[in-house]
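Numbering (the numbering used here), first residue to last: 20 to 139. Below is one structure, written out as structure tokens; the observations come after it.
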């Protein structure tokens, strides 16, 4: 089995690189506004290891927040982080006052994320 686990946790290295100079602005700082705990990714890997049907996920990029919803685990403090593919996550980052109107079940398709981030 081979999968890539996409995570959004703020490790010490990331904190030094993003916030090293005390500056907490910019795109990188906004991306880590609500970081996941480092144990959140570990819970995802443990759930994948215990899943008897894990081979169905082989060869894919798996987002930890989406695995948390599928397997039913939460981050430290009982928080359920949003996936960066959820429309609510995108609205929270761009129009925070309107985020309450966006349901959590609306996802941006993976192919659209790939197309939008592809460099020609």
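Just so you know, even glycine gets a beta-carbon here, dropped at the ideal spot from N, CA and C. Source: prediction; values computed, not measured.
- Counting only the Cα atoms, residue 114 lies some 21 Å from residue 84.
- Three or more beta-carbon pairs separated by less than 8 Å are not found between the stretch 67–78 and the stretch 96–103, which leaves the two stretches without contact.
- For residue 81, there is no enclosing alpha helix (DSSP H); the residue is part of the beta strand (DSSP E) that begins and ends at 80–82.
- When DSSP states are grouped into helix, strand and coil, residue 90 belongs to the helix group.
- In the displayed model, residue 114 falls within coil according to three-state DSSP, outside both helix and strand.
- Here residue 123 carries a coil assignment [DSSP, helix/strand/coil].
- The alpha-carbon of residue 78 is positioned some 8 Å away from that of residue 23.
- The Cβ neighbour count for residue 133, taken over all protein chains shown within 10 Å, is under 16; the residue is labelled exposed.
- Burial of residue 87 is indicated by the presence of at least 16 other C-beta atoms within 10 angstroms of its C-beta.
- Distance from the CA atom of residue 106 to the CA atom of residue 131, rounded to whole angstroms, is 12 Å.
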